[in-house]
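Below is one structure, written out as structure tokens; the observations come after it.
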Amino acid sequence: MKVTETELDLIETYLDGELPMSEAEGLWRRLALEPELTAALDELRTDRALRINVWEQCEPAEAAAITVSRQINSAIGRRRVWESARRGAFYVTAAAACMLIGINIGRQQGLITPAAPNGISQNVAQNVAMNSNVGNANTSAVPVNILDGSGRIVAMPSFQTMQEANNFARQFNNPNSSPVRTVSSGDAGQNVVPVSDVTQF
Amino acid sequence: MSSEEQWQPTSPEDSAKLFERAVSLHSKRLLAIARAIVGTRASPEDIVQQAFMNLYQHRHRYDWREPGGLLRRTVVNEALRILRQPHPSALAEETGAGATQETPADGLILNETVAQVRRAIERLPEHFRAALVLCEYENMPYAQIAETLGASVPQVKTWIHRGRRQLGEMLKPYMKGRERPKEETSDS
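Top to bottom, those sequences are chains A and B.
So that you can map any letter, position 181 of the first sequence is 181 in the working numbering, and since no number is skipped, the others follow by simple counting.
So that you can map any letter, position 146 of the second sequence is 347 in the working numbering, and since no number is skipped, the others follow by simple counting.
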């Protein structure tokens, strides 16, 4: 009696170790009684052994496997170096970006300003103070103290009149105005220092 | 400290050591699986190396203490991916370690039979081949094969059984030819 496809599948499932115990016991009983089934089992075992031979021939020699392992580990080592370098570049780029953002914020807040052409920054101009020794409007110079952030006098231009001194101070303190470049000359012998020359102090 | 706690990676260096250990321990079998699936259509070394590099990229996701199943799954998927590519490169037929050894006459007949079986296996659809090699070479249960191949258990059973049927059909003429000389010699 020819063995059916279903019976062949059953035997193969048994050879694969996947047959539940109850079904395996039923198969054993049939194998004891049906020689065709036993012949089919033997044939399937032989075929399986041939295939396992094929799979085992696919195994590389030990030396070849070691070579491949070393190649893989070398490739991984190179990848690790690359990852470290990339991480370092990322941190440097991030730090540079933070600095740029900080500088831009500082400029917008007015904490960092570009220096005026005369070398005095405009925030210094906020500390322009009038010298207490104001002279006569007609005959004496009116000095003006320009102070830095820590209160030190960095320049001391003089003006002929209080009006000029006030105008200077107003324009200097205004960040939107261009630096004052007019030079007014007083009486002979008096030197009125233009704004652009204040840096000489 | 138990052996399990001992192997718990606590730093990237530990993780790297476990990974290297996995490479050394499993390369040979993975190469065999890759070769069994792709045959001469691709390089099993390239497949295994690519599989490991893919895993290394995401190594932090996995537990490297028992990576066997993960490695098999990755290599099988990589092998199947290569086979699905258009015009995979054909390599010269390379044989494994066993075929290069000298054998007596009976061994030559066996080698020839095995070569016939291998050629027939290479003509199987790739999923049939992958399911067969995991079942018969790796002795994996159907459920694990299904998980590895991303299929259901009934599908895996179908692939395995149909693969064997097709092999039987392809080898029938060769096996009959081998049996006929035996019958002739026994009759004489």
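The beta carbon of each residue, even a glycine, is placed where N, CA and C say it ideally should be.
These numbers come from a predicted model, not from an experiment.
* **Inter-residue spacing [alpha-carbon to alpha-carbon] between A:Lys2 and B:Asn278** => Straight across, the Cα-Cα distance linking A:Lys2 with B:Asn278 is about 39 Å.
* Asked: A:Leu147 by DSSP, collapsed to three states: which one?
  -> strand
* To do: Could you tell me if A:Glu59 is buried or exposed, where buried requires 16 or more neighbouring beta carbons within 10 angstroms of its beta carbon?
  => buried
* For the beta strand (DSSP E) holding A:Val154, just list the boundary residues, first then last. => Note, A:Val154: beta strand (DSSP E), Ile153 to Ala155.
* How would you call A:Asn191, buried or exposed, if buried means at least 16 neighbouring beta carbons within 10 angstroms? -> Confidence at A:Asn191 is low in this model, with a pLDDT of 42, below 50, so the placement of that residue should be treated as unreliable; the coordinate-derived value is given next. Flag for A:Asn191 reads exposed.
* **Proximal residues of chain B, C-beta to C-beta of A:Val68 below 8 Å** => Ser228, Leu232, Glu246, Val249 and Gln250
* **Residues of its chain near B:Val249, where Cβ-Cβ distance is below 7 Å and the 5 sequence neighbours each way are ignored** => Ser228, Leu231, Leu232, Ala235 and Val276
* Close-in-space but distant-in-sequence residues of the same chain around A:Asp47 (CB under 6 Å, 5 per side omitted) -> none
* Would you mind telling me which residues of chain B sit closer than 7 Å to A:Leu50, beta carbon to beta carbon, in chain order? => Thr314, Val315 and Val318
* Closest residue to B:Ala237 among B:Gly369, B:Val224 and B:Leu333 (Cα-Cα distance) -> B:Leu333
* To do: Using three-state DSSP, classify A:Val3 as helix, strand or coil.
  => coil
* **Proximity of B:Ile322 and A:Val54 at Cβ, strictly below 8 Å** => yes
* **Any 3 or more C-beta pairs closer than 8 Å across the stretch 366-374 of chain B and the stretch 337-345 of chain B** => As far as the Cβ criterion goes, the stretch 366-374 of chain B does not touch the stretch 337-345 of chain B, which means the pair count is below three.
* Report the neighbours of A:Trp28 on chain B: residues whose CB is nearer than 7 Å to its CB, in chain order. => Under the 7 Å cutoff, chain B gives no residues; its nearest Cβ is about 21 Å from A:Trp28.
* List the residues of chain B whose Cβ lies closer than 7 Å to the Cβ of A:Trp55, in chain order. => Going along chain B in sequence order, the residues near A:Trp55 (Cβ under 7 Å) are Ala233, Ala237, Val334, Glu337 and Tyr338.
* Does the distance from the CB of B:Ser216 to the CB of B:His261 come in under 8 Å? -> yes
* For A:Phe90, the residue or residues it bridges with in DSSP -> DSSP, once it has assigned bridges, lists no residue as partnering A:Phe90.
* To do: Look at B:Glu327 and B:Leu284 and say whether their C-beta atoms are less than 8 Å apart.
  => yes
* To do: Would you mind giving the Cβ-Cβ distance between B:Gly364 and B:Arg330, rounded to the nearest angstrom? I have them listed as a contact below 8 Å.
  => With a Cβ gap of about 7 Å, B:Gly364 and B:Arg330 count as contacting.
* Asked: Mind checking if B:Phe329 is an interface residue toward chain A, Cβ cutoff 8 Å exclusive?
  -> B:Phe329 does not count as touching chain A.
* Among residues of its own chain, excluding the 5 on either side of B:Val224, which ones have a beta-carbon nearer than 7 Å to its beta-carbon? -> Phe253
* A:Phe159 - partner residues in DSSP beta bridges -> A:Val142
* To do: Indicate whether B:Tyr257 and A:Arg78 have their beta-carbon atoms separated by less than 8 Å.
  => no
* Asked: Rounded to a whole number of angstroms, what is the C-alpha to C-alpha distance between A:Phe159 and A:Phe172?
  -> The straight-line gap separating the alpha-carbon atoms of A:Phe159 and A:Phe172 is approximately 14 Å.
* **Cut-off 6 Å between Cβ atoms - residues of its own chain near B:Gly270, not counting five sequence neighbours on either side** => The beta carbon of B:Gly270 lies closer than 6 Å to none in the same chain, with the five residues before and after it left out.
* Three-state secondary structure (DSSP) at B:Glu337? -> helix
* To do: Give the secondary structure of A:Trp273 by DSSP, where H, G and I count as helix, E and B as strand, and everything else as coil.
  => As displayed, chain A neither begins before 1 nor continues past 201, which places residue 273 of chain A out of reach and without an answer.
* What span of residues does the alpha helix (DSSP H) with B:Gly269 cover, start to end? -> For B:Gly269, the uninterrupted alpha helix (DSSP H) run begins and ends at Gly269 to Arg285, by DSSP.
* To do: Measure from the alpha carbon of B:Ile361 to the alpha carbon of each residue in A:Ala64, A:Arg51, A:Gly106 and A:Tyr91, then state which is nearest.
  => A:Arg51
* **DSSP three-state assignment for A:Val134, whether helix, strand or coil** => Bear in mind that a pLDDT of 46 at A:Val134, under 50, signals an unreliable position, so the number given afterwards is only what the model happens to contain. Of the three classes helix, strand and coil, the one that applies to A:Val134 here is coil, per DSSP.
* Which value, in whole angstroms, describes the spacing of the CA atoms of A:Leu205 and A:Glu5? -> Outside the shown range of chain A (1 to 201) lies residue 205 of chain A, about which nothing can therefore be said.
* Quick one: what does DSSP say A:Asn174 is sitting in, helix, strand or coil? -> Three-state result, A:Asn174: coil.
* Hey, how far is the Cα of B:Val315 from the Cα of A:Glu56? -> Answer to the nearest angstrom: the Cα atoms are 11 Å apart.
* Asked: If B:Thr349 and B:Arg242 are in contact, beta carbons under 8 Å, what's the gap, nearest whole angstrom?
  -> B:Thr349 to B:Arg242, Cβ: 20 Å. No contact.
* To do: Drop a sphere of 10 angstroms on the beta-carbon of A:Tyr91, count the other beta-carbons inside from all chains shown, and report buried for 16 or more, exposed for fewer.
  => exposed
* **Reduced DSSP secondary structure (H/G/I, E/B, other) of A:Glu36** => Here DSSP, grouped into helix, strand and coil, assigns A:Glu36 to helix.
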